[in-house]
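Written out as structure tokens, the structure reads:
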């Protein structure tokens, strides 16, 4: 669902008066891509990387000149993806962490899949940005896995209390912002009304993708619109 | 917005327990495609057909083996599109009219763009299906143009009263069903709660696309799920 939501988000947040003001999009949803977390955790030996690289090349071959990959976990080997891609690939992890810093974060809490936790993508990006990365404890991570795989991916209702408990855990560990670092979690932000301390990685990716394609954003939080304007490859 | 909604609709209505149960989708949103109605009415000389055929070939080249075109007006020259496409193109107009008949319609009202009215696509499909086609009078058509171009395409709120007046006109002319025959109007069905007499062309296209790709639908009206199972090229 999150790539459908990503597409909707780009369309809704591009400043446009008519169809022709929108940006050209070519989108591949390869549902059969092996699960990223299952591969990273070792639960499966099916490597999603060749499929993802194949799709990126397919899109570039069909004329895409910038790639946005609305899956945080898929960035576990951004270097390999970026190297294999004939066109630039926006890095959702790096951008989201930089945006958190831009809003004043010093200790950023991260909600992600188990795959992203193990691959350490957010910890590395925070280190590079010079801010602290607060990750969930094992029970918080188990709760997130349950929310992502058993609720959202199955189009079932998310228990707000379960989500709140994870947020409270991160706040208790000192987080001053909370990154929704799995694009499935962005669907929670769509449904519930979350406060400004939440930073939605999908929104950051959408805003930067719109700007880098030469269009202007509308309707995003003001700091994000400002940040996206600064973004260059 | 309607192609984003179409993608969301396919994802939400495919019976799936995990990502890998979804169908593979490759989607091109060529925002720069010339306006279909402007060309049909003669307000513009920019022919959208070459762009649309180019995009269809691009998708087929990137591996698509079935094309769904979520724009009713674009079907003004379905024959040319179908002939130029290397792979089958689902005909939203024909399917929607056949589905209306399947639900028992004898006199079907049509809400469409001015382009579809002038090209006569719904009238022709109804003739072929052996049911009556009720189209709006000039003031109803002007109201629809206003709703589609000045509200929906600009992401502005639709005035429910204006929409109701058009529906009342069709009912007054004897329509027993009302086809939402412009995919922008499907967004109204998403927002307002419309009764069963409305037939959403975008839902018909989505249901048939899911079935023809070998998956099963979920959450559509029961007659539509039954109809989509019967659909073959």
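Protein chains in written order, with the working numbering: chain F, 1 to 233; chain V, 1 to 233. We put the CB at the ideal spot given by N, CA and C, even for glycine. Remember, it's a predicted structure, so these values are computed and weren't measured experimentally.
Pick from the options that is closest to residue i, judged by C-alpha positions
{"i": "residue 168 of chain V", "options": "V/64, V/109, V/43", "result": "V/109"}
{"i": "residue 63 of chain F", "options": "F/86, F/82, F/179, F/74", "result": "F/86"}
{"i": "residue 67 of chain F", "options": "F/130, F/206, F/19", "result": "F/206"}
{"i": "residue 33 of chain V", "options": "V/46, V/152, V/22, V/186", "result": "V/46"}
{"i": "residue 14 of chain V", "options": "F/24, F/155, F/216", "result": "F/155"}
{"i": "residue 138 of chain F", "options": "F/166, F/129, F/93", "result": "F/166"}
{"i": "residue 94 of chain V", "options": "V/190, V/215, V/181, V/222", "result": "V/181"}
{"i": "residue 39 of chain F", "options": "F/223, F/163, F/118", "result": "F/118"}
{"i": "residue 164 of chain V", "options": "V/89, V/111, V/21", "result": "V/111"}
{"i": "residue 96 of chain F", "options": "F/160, F/54, F/122, F/16", "result": "F/122"}
{"i": "residue 25 of chain F", "options": "V/58, V/42, V/35, V/49", "result": "V/58"}
{"i": "residue 231 of chain F", "options": "F/224, F/208, F/223", "result": "F/208"}
{"i": "residue 124 of chain V", "options": "V/22, V/214, V/91", "result": "V/91"}
{"i": "residue 99 of chain V", "options": "V/41, V/213, V/202, V/65", "result": "V/202"}
{"i": "residue 52 of chain F", "options": "F/69, F/61, F/42, F/222", "result": "F/69"}
{"i": "residue 222 of chain F", "options": "F/103, F/175, F/50", "result": "F/103"}
{"i": "residue 56 of chain V", "options": "V/225, V/179, V/89, V/224", "result": "V/89"}
{"i": "residue 214 of chain V", "options": "V/12, V/44, V/21, V/9", "result": "V/21"}
{"i": "residue 175 of chain V", "options": "V/136, V/81, V/11, V/16", "result": "V/136"}
{"i": "residue 12 of chain F", "options": "F/189, F/120, F/220, F/44", "result": "F/220"}
{"i": "residue 212 of chain F", "options": "F/172, F/65, F/179, F/101", "result": "F/65"}
{"i": "residue 148 of chain F", "options": "F/101, F/120, F/126, F/188", "result": "F/188"}
{"i": "residue 81 of chain F", "options": "F/159, F/54, F/144", "result": "F/54"}
Integer-rounded CB distance, given that residue j should sit under 8 Å from residue i
{"i": "residue 7 of chain F", "j": "residue 27 of chain F", "result": "6 Å"}
{"i": "residue 29 of chain F", "j": "residue 186 of chain F", "result": "In fact, because the Cβ distance is near 16 Å, the residues do not count as touching under 8 Å."}
{"i": "residue 134 of chain F", "j": "residue 106 of chain F", "result": "Not really, about 10 Å apart at Cβ, beyond 8 Å."}
{"i": "residue 228 of chain F", "j": "residue 210 of chain F", "result": "7 Å"}
{"i": "residue 35 of chain V", "j": "residue 19 of chain F", "result": "7 Å"}
{"i": "residue 23 of chain F", "j": "residue 142 of chain V", "result": "Incorrect: roughly 31 Å between the Cβ atoms, too far for contact."}
{"i": "residue 183 of chain F", "j": "residue 72 of chain F", "result": "6 Å"}
Any C-beta of chain F under 7 Å from that of residue i
{"i": "residue 4 of chain V", "result": "yes"}
{"i": "residue 191 of chain V", "result": "no"}
{"i": "residue 45 of chain V", "result": "no"}
{"i": "residue 289 of chain V", "result": "Because chain V here runs from 1 to 233, residue 289 of chain V falls outside it and cannot be looked at."}
{"i": "residue 78 of chain V", "result": "no"}
{"i": "residue 111 of chain V", "result": "no"}
{"i": "residue 41 of chain V", "result": "no"}
{"i": "residue 73 of chain V", "result": "no"}
Buried/exposed call for residue i, threshold 16 Cβ in 10 Å
{"i": "residue 79 of chain F", "result": "exposed"}
{"i": "residue 170 of chain V", "result": "buried"}
{"i": "residue 177 of chain V", "result": "buried"}
{"i": "residue 74 of chain V", "result": "buried"}
{"i": "residue 115 of chain V", "result": "buried"}
{"i": "residue 83 of chain V", "result": "exposed"}
{"i": "residue 193 of chain F", "result": "exposed"}
{"i": "residue 195 of chain V", "result": "exposed"}
{"i": "residue 113 of chain F", "result": "buried"}
{"i": "residue 161 of chain V", "result": "exposed"}
{"i": "residue 128 of chain F", "result": "exposed"}
{"i": "residue 153 of chain F", "result": "buried"}
{"i": "residue 191 of chain V", "result": "exposed"}
{"i": "residue 150 of chain F", "result": "exposed"}
{"i": "residue 218 of chain V", "result": "exposed"}
{"i": "residue 48 of chain F", "result": "buried"}
{"i": "residue 16 of chain F", "result": "buried"}
{"i": "residue 140 of chain V", "result": "buried"}
Residue-chain proximity (residue i, chain V), Cβ-Cβ < 7 Å
{"i": "residue 52 of chain F", "result": "no"}
{"i": "residue 31 of chain F", "result": "yes"}
{"i": "residue 217 of chain F", "result": "no"}
{"i": "residue 211 of chain F", "result": "no"}
{"i": "residue 7 of chain F", "result": "yes"}
{"i": "residue 183 of chain F", "result": "no"}
Worksheet entry | Within 8 Å of chain V by C-beta, residues of the stretch 16-28 of chain F in sequence order | 16, 17, 18, 19, 20, 21, 22, 23, 24, 25, 26, 27, 28
Discussion item. To be precise: take each residue of the stretch 144-177 of chain F, compare its Cβ to all Cβ atoms of chain V, and keep it if any distance is under 9 Å. Which residues remain?
Written reply: 149, 153, 154, 155
Discussion item. Any C-beta of chain F within less than 9 Å: which residues of the stretch 80-103 of chain V qualify?
Written reply: none
Worksheet item: Taking Cβ-Cβ distances below 8 Å as the criterion, which residues of the stretch 115-147 of chain F are in contact with chain V?
Response: none
Worksheet entry | chain V contacts made by the stretch 56-71 of chain F, where a contact means CB separation under 9 Å | 58, 59, 61, 62, 63
Discussion item. Short of 9 Å Cβ to Cβ, which residues in the stretch 194-207 of chain F face chain V?
Written reply: none
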